[in-house]
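Residue numbers (UniProt numbering): 1 to 302. Below is one structure, written out as structure tokens; the observations come after it.
Put into structure tokens, the structure is as follows:
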């Protein structure tokens, strides 16, 4: 079980701001003294001092449960991760030859739609019926399948490109899924991946979900990995690295005009408004997404 303390999270953000500032030589005496003073203020704030944390149980809610709730508004504006991921993925897709593409974990079809615009024949696969419903509504003439990434409903050597974005964080082991991608790819085929960056899991607030079977709030299982984990899974399968990029969180991403009144005392992104300067120092320009372009052995490099 995990105890989620709003005050504990804010103190962590202050500490991250100090450590990053020291490491990057941007923490002058005024900044360090301001952080120490703000830590004292946070510790003395009655609203935070009396705010109870939440004890949550990992693994009692699934990705399917969460995406059922997210589906209607998943593509709504304001998602920093999608905002920084999408242009990089599209730049890679723009460089690939036209062919048959599998959009694995296609979600609501945001990349599916772009691939169609580029002239590809696209097949979409996702495990969430609610997300697929949104995709089918957007693209009624595309072939979509409800399926797991471990058992793709395609024959061997069926596609020229596989795209899988912001989904592998829900997969316990990378190797079996990448092996499925290699199976359905033709020799020389391309694999474009994006995933939440490992650093995100340490800096963002961990949000409790609805109660699980034990009656406690639940935590969604997520697997955030170092870049070496993707290489360890991909290279033995015959994938070769063509590109790797770590887009960063934009500066000034915390808009002061969105600060609620009163400030929250529960786990929420809005907690960051208690210490906006420290939040900016800890979060701004930090890696947000890891993006890979691999090519399977067997054909000339594109």
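We put the CB at the ideal spot given by N, CA and C, even for glycine. Predicted model, so just to flag it, every value in this text is computed and none were measured.
- Kindly give me the distance between the Cβ atoms of residue 5 and residue 53, rounded to whole angstroms, as I take these residues to be in contact under 8 Å. Reading the chain shown from its first residue, position 5 is the one you call residue 5. Reading the chain shown from its first residue, position 53 is the one you call residue 53. With a beta-carbon spacing of about 4 Å, residue 5 and residue 53 fall inside the 8 Å limit used to define contacts.
- Message: So for residue 200, helix, strand or coil by DSSP?
- Response: For the purposes of this step, residue 200 is taken as the residue at position 200 of the chain shown. Here residue 200 sits in helix by DSSP.
- Closest residue to residue 200 among 171, 181, 143, 247 (Cα-Cα distance): The residue you call residue 200 lines up with position 200 of the chain shown. Per the Cα distances, 247.
- Cβ contact (3+ pairs, closer than 8 Å) linking the segment 223 to 234 and the segment 71 to 79: Short answer: they don't touch.
- Item | Pick from 206, 227, 195, 149 that is closest to residue 86, judged by C-alpha positions | Sequence index remark: in the chain shown, residue 86 carries index 86 (1-based). Looking at the Cα atoms, 195 is the closest of the given residues.
- Query: Based on Cα-Cα distance, which residue from 13, 130, 110, 119 lies nearest to residue 64?
  - Reply: Mapped onto the chain shown, residue 64 falls at position 64. When 13, 130, 110, 119 are compared, the shortest CA-CA separation from residue 64 is found for 130.
- Bridge partner(s) assigned by DSSP for residue 56: Residue mapping note: residue 56 aligns to position 56 of the chain shown, counting from 1. In the DSSP assignment, residue 56 is bridged to 2.
- Query: Is there contact between the segment 137 to 149 and the segment 106 to 113, where contact requires at least three CB pairs shorter than 8 Å?
  - Reply: At 8 Å Cβ cutoff, the stretches touch.
- Backbone secondary structure at residue 302 - three-state DSSP: Translated into positions along the chain shown, residue 302 becomes position 302. Here residue 302 scores only 41 on pLDDT, less than 50, and its place in the model should not be relied on; the value that follows carries that caveat. In the displayed model, residue 302 falls within coil according to three-state DSSP, outside both helix and strand.
- Task: Counting only the same chain and skipping the five closest in sequence on each side, list residues whose C-beta sits under 7 Å from that of residue 223.
- Result: Taking the first residue of the chain shown as position 1, residue 223 is located at position 223. The beta carbon of residue 223 lies closer than 7 Å to those of 169, 171, 172 in the same chain, with the five residues before and after it left out.
- Task: Kindly give me the distance between the Cβ atoms of residue 284 and residue 243, rounded to whole angstroms, as I take these residues to be in contact under 8 Å.
- Result: Against the chain shown, residue 284 aligns to sequence position 284. Against the chain shown, residue 243 aligns to sequence position 243. Not confirmed; about 25 Å, so no contact.
- Query: Taking the alpha helix (DSSP H) that residue 80 falls in, what are its first and last residues?
  - Reply: Working through the chain shown from its first residue, we reach residue 80 at position 80. That run of the alpha helix (DSSP H) goes 80 to 94.
- Message: So the candidates are 182, 202, 137, 1; which of them puts its Cα closest to the Cα of residue 12?
- Response: Here residue 12 refers to the residue found at position 12 when the chain shown is read from its first residue. The residue with the shortest Cα to Cα distance from residue 12 is 202.
- Hey, is the segment 99 to 110 in contact with the segment 158 to 167, meaning 3+ C-beta pairs nearer than 8 Å? The answer is yes - the segment 158 to 167 touches the segment 99 to 110, with three or more Cβ pairs under 8 Å.
- Got a sec? Which residues, its chain only, sit under 6 Å from residue 302 by beta carbon, not counting five neighbours each side? Within the chain shown, residue 302 is the residue found at index 302, counting from 1. Bear in mind that the predicted position of residue 302 carries a pLDDT of just 41, short of 50, making it unreliable; the figure below should be weighed with that in mind. If we look at residue 302 and ignore the five residues flanking it on each side, it has no Cβ neighbours.
- Tell me which same chain residues have a C-beta within less than 8 Å of the C-beta of residue 89, skipping the five on either side of it? Counting from one through the chain shown, the residue named residue 89 turns up at place 89. 111, 163, 165, 192, 194, 291.
- Task: Would you mind working out which of 18, 22, 211 sits nearest residue 36, comparing C-alpha positions?
- Result: On the chain shown, residue 36 is found 36 positions in, with the first residue counted as 1. Comparing alpha carbon positions, the residue from 18, 22, 211 closest to residue 36 is 18.
- Task: Would you mind reading off the limits of the alpha helix (DSSP H) that contains residue 75?
- Result: Taking the chain shown and counting its residues from 1, one reaches residue 75 at position 75. Annotation: residue 75 is outside any alpha helix (DSSP H) and is labelled neither H nor E by DSSP.
- Message: Rounded to whole angstroms, what is the Cα-Cα separation between residue 95 and residue 124?
- Response: Counting from one through the chain shown, the residue named residue 95 turns up at place 95. Counting from one through the chain shown, the residue named residue 124 turns up at place 124. Spanning the alpha carbons of residue 95 and residue 124 requires a straight line of approximately 20 Å.
- Distance between residue 289 and residue 207 (C-alpha atoms, nearest Å): Numbered from its first residue, the chain shown carries residue 207 at position 207. Numbered from its first residue, the chain shown carries residue 289 at position 289. Cα to Cα, the separation comes out at about 19 Å.
- Message: For a test of the three-state rule: what should DSSP assign to residue 165, helix, strand or coil?
- Response: Counting from 1 along the chain shown, the entry for residue 165 is found at position 165. It is a strand residue.
- Item | Which of helix, strand or coil DSSP assigns to residue 8 | Position 8 of the chain shown, counting from 1, holds the residue named residue 8. In the structure shown, residue 8 falls within a helical segment according to DSSP collapsed to helix, strand and coil.
- Message: Going by DSSP in three states, residue 64 sits in which element: helix, strand or coil?
- Response: Position 64 of the chain shown holds residue 64. Helix.
- Query: What are the boundary residues of the alpha helix (DSSP H) that residue 44 is part of?
  - Reply: On the chain shown, position 44 is the one that residue 44 refers to. Note, residue 44: alpha helix (DSSP H), 29 to 44.
- Query: Using the beta-carbon count (16 or more within 10 Å), is residue 128 buried or exposed?
  - Reply: Along the chain shown, one-based indexing puts residue 128 at 128. Classification of residue 128: buried, given that the 10 Å Cβ count is 16 or more.
- Is the Cβ-Cβ distance between residue 83 and residue 107 less than 7 Å? In the chain shown, the residue the question calls residue 83 occupies position 83. In the chain shown, the residue the question calls residue 107 occupies position 107. Annotated as distal: residue 83 and residue 107, with beta-carbon spacing of 7 Å or more.
- Task: Only counting runs of 4 or more residues, tell me where the alpha helix (DSSP H) segments fall wholly within the segment 95 to 138, in order along the chain.
- Result: Counting whole runs of 4 or more residues, the segment 95 to 138 contains the alpha helix (DSSP H) stretches 110 to 117, 129 to 138.
- Item | Rounded distance between the beta-carbons of residue 22 and residue 220, thought under 8 Å | Indexing the chain shown from 1 puts residue 220 at position 220. Indexing the chain shown from 1 puts residue 22 at position 22. Actually they do not touch by this definition, with Cβ atoms about 33 Å apart.
- Query: Which of helix, strand or coil does DSSP assign to residue 251?
  - Reply: Position 251 of the chain shown, counting from 1, holds the residue named residue 251. In the structure shown, residue 251 adopts coil according to DSSP, grouped into three states.
- Message: What would DSSP say about residue 177, mapped onto helix, strand or coil?
- Response: Stepping through the chain shown from its first residue, residue 177 is reached at position 177. Helix at residue 177.
- Beta-carbon proximity list for residue 295, same chain, < 6 Å, skipping 5 on both sides: By one-based count along the chain shown, residue 295 stands at place 295. 190, 240, 242.
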